[in-house]
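Undergrad: Below is a structure I'd like to ask you about.
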Amino acid sequence: HSRALFLLSKGMLLLMERKLQEVHPLLTLCGQIVENWQGNPIQKESLRVFFLVLQVTHYLDAGQVKSVKPCLKQLQQCIQTISTLHDDEILPSNPADLFHWLPKEHMCVLVYLVTVMHSMQAGYLEKAQKYTDKALMQLEKLKMLDCSPILSSFQVILLEHIIMCRLVTGHKATALQEISQVCQLCQQSPRLFSNHAAQLHTLLGLYCISVNCMDNAEAQFTTALRLTTHQELWAFIVTNLASVYIREGNRHQELYSLLERINPDHNFPVSSHCLRAAAFYIRGLFSFFQGRYNEAKRFLRETLKMSNAEDLNRLTACSLVLLGHIFYVLGNHRESNNMVVPAMQLASKIPDMSVQLWSSALLRDLNKACGNAMDAHEAAQMHQNFSQQLLQDHIEACSLPEHNLITWTDGPPPVQFQAQNGPTTSLASLL
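In this text, residue positions in the sequence shown follow the numbering used here: the first is 507, and each later residue adds one.
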């Protein structure tokens, strides 16, 4: 039992230190030891949860959302088994066997947490929302009785994931209030803040993109890059910063140097399947804006191949709609339609508000060009509805006092927010 615990702890440290070559054989060995261990059922299941949590996070770190599913299912079954078992009164002969790596109640929250991480990466955002709600309710109950710092860490990580979901589903105002909640949790704990400062600035950068404050987005991402030593987070930030430079259209020098650092064709800095697929997408987006359509198609087909292999729904939807746009510009309406229709279906399943807005505009123009007046009218109506929803949310978010957080780039999170006098960003460019 103790050997398994120590080996699993070593595996956890290797994962944290990104020594991925060493993790794989160690996890294989741990799996065998845990399965063969004959002892108290609750302790055996507890070790299995530890082992499976490491396996699931290992897969998710690698951006392998489809490959992780069997492990995640096992983990969810395992936690259900644990919650039905009662702690035996019989004391083990070896006192070391009394050691638990995590209390049972905390394990439940942790399993919810990795499920949320999976749902968010895969683009099942309603599912992510459901499990976040369950986990946060459980955390509230636990925090009444237990002031363990790990609970605040769980809460911050859950909020970080759900904030990203909200920005995609078009709930920016809620996302902003949750970013403020993360700030408050970080104010209470300097350790929590030092561990999550880079993530917090990254989330603010993503929020800034969603409300079209590109200068603030750049400042937030630059701050986050200064604060992080985590390779995957670094690559994620650089990818998003590149998208900001592409939108600004006049930052070619900075953009070229960024794209060189996340070149998916050679020497990509991290092993994440998902981030490499995203890097191909960013290349495709840049080529599209430069009018190099054949090159853009090559990059986007690469993204599609990778995102289909691992069920990365959001990247699939984004790539399809951009390919649809390219075919539309080239006058190939039939091929464009073949891309945009599935993009729209996938985007409404996620649901991804900006891809729905983009797809409905393309469908409107496509149907108009093909003389399908009824379909064009229906698509125009959809586009109008999405525009209205996004506009409302945009106005609401920008008029919150928390909107001032977008200017914070130094030191601990600010405590007070001044009320805004209304939106400060151009709404015309948003739509």
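Virtual Cβ for every residue (Gly too), placed ideally from N, Cα, C. It should be emphasised that the depicted structure is a prediction, and the values quoted were computed from it without experimental measurement.
Excluding the 5 residues flanking Pro-770 on each side, which residues of the same chain have their C-beta closer than 6 Å to its C-beta?
TA: Taking the sequence shown and counting its residues from 1, the one referred to as residue 770 is at position 264. Result list for Pro-770: Arg-782, Ala-785, Phe-786, in chain order.
Undergrad: Taking the alpha helix (DSSP H) that Arg-554 belongs to, which residues open and close that run?
TA: Here residue 554 is taken as the residue at index 48 of the sequence shown, counted from 1. Counting along the chain, the alpha helix (DSSP H) containing Arg-554 begins and ends at 547 to 567.
Undergrad: Give the C-beta separation of Ser-654 and His-606 to the nearest angstrom, bearing in mind that I take them to be a contact with Cβ-Cβ under 8 Å.
TA: Here the question's residue 654 lines up with position 148 in the sequence shown. Here the question's residue 606 lines up with position 100 in the sequence shown. Actually they are not in contact, since the Cβ atoms of Ser-654 and His-606 sit about 13 Å apart, beyond 8 Å.
Undergrad: With H, G and I counted as helix, E and B as strand and the rest as coil, what does DSSP make of Ser-865?
TA: Against the sequence shown, residue 865 aligns to sequence position 359. Reduced to three states, the DSSP call for Ser-865 is helix.
Undergrad: Out of Lys-636, Tyr-618, His-530, Gln-527, which has the shortest C-alpha to C-alpha gap to Val-555?
TA: Translated into positions along the sequence shown, residue 555 becomes position 49. Checking every option, the nearest Cα to that of Val-555 belongs to Tyr-618.
Undergrad: Helix, strand or coil for Trp-607? Go by DSSP, reduced to three states.
TA: Here residue 607 refers to the residue found at position 101 of the sequence shown. In the structure shown, Trp-607 sits in coil (DSSP, three-state: anything other than H, G, I, E or B).
Undergrad: Buried or exposed: Glu-666, going by 16 or more other Cβ atoms within 10 Å of its Cβ?
TA: As a working note, residue 666 is residue 160 in the sequence shown. So Glu-666 ends up on the buried side.
Undergrad: Please state the DSSP three-state secondary structure of Cys-904.
TA: On the sequence shown, residue 904 is found 398 positions in, with the first residue counted as 1. If DSSP states are grouped into helix, strand and coil, Cys-904 belongs with the helices.
Undergrad: Report yes or no: do the segment 579 to 590 and the segment 755 to 774 share at least 3 C-beta pairs separated by less than 8 Å?
TA: The answer is no - the segment 755 to 774 does not touch the segment 579 to 590, with fewer than three Cβ pairs under 8 Å.
Undergrad: Secondary structure at Glu-646, three-state DSSP: helix, strand or coil?
TA: Position 140 of the sequence shown, counting from 1, holds the residue named residue 646. Residue state, collapsed to three classes: helix.
Undergrad: State the DSSP-derived secondary structure class of Arg-497, mapped to helix, strand or coil.
TA: The structure shown does not extend to residue 497, since the chain is modelled only from 507 through 937, so no value can be given for it.
Undergrad: Would the segment 823 to 832 and the segment 667 to 686 be scored as touching if the rule is three or more Cβ pairs under 8 Å?
TA: The segment 823 to 832 is not in contact with the segment 667 to 686.
Undergrad: Which runs of the alpha helix (DSSP H), 4 residues or longer, sit entirely within the segment 800 to 859?
TA: Listed in chain order, they are 819 to 835, 839 to 855.
Undergrad: Counting only the same chain and skipping the five closest in sequence on each side, list residues whose C-beta sits under 6 Å from that of Leu-731.
TA: The residue labelled residue 731 in the question sits at position 225 within the sequence shown. Closer than 6 Å at Cβ, skipping near neighbours: Ile-743.
Undergrad: Please tell me whether Cys-671 and Leu-631 are closer than 8 Å, where the distance is taken between their beta carbons.
TA: Against the sequence shown, residue 671 aligns to sequence position 165. Against the sequence shown, residue 631 aligns to sequence position 125. Yes.
Undergrad: Would DSSP call Asn-600 helix, strand or coil?
TA: The residue labelled residue 600 in the question sits at position 94 within the sequence shown. It is coil, neither helix nor strand.
Undergrad: Which same chain residues, not among the five before or five after Leu-691, have their C-beta less than 7 Å away from its C-beta?
TA: Residue mapping note: residue 691 aligns to position 185 of the sequence shown, counting from 1. Taken in chain order, the residues that qualify are Ser-658, Gln-661, Val-662, Leu-698.
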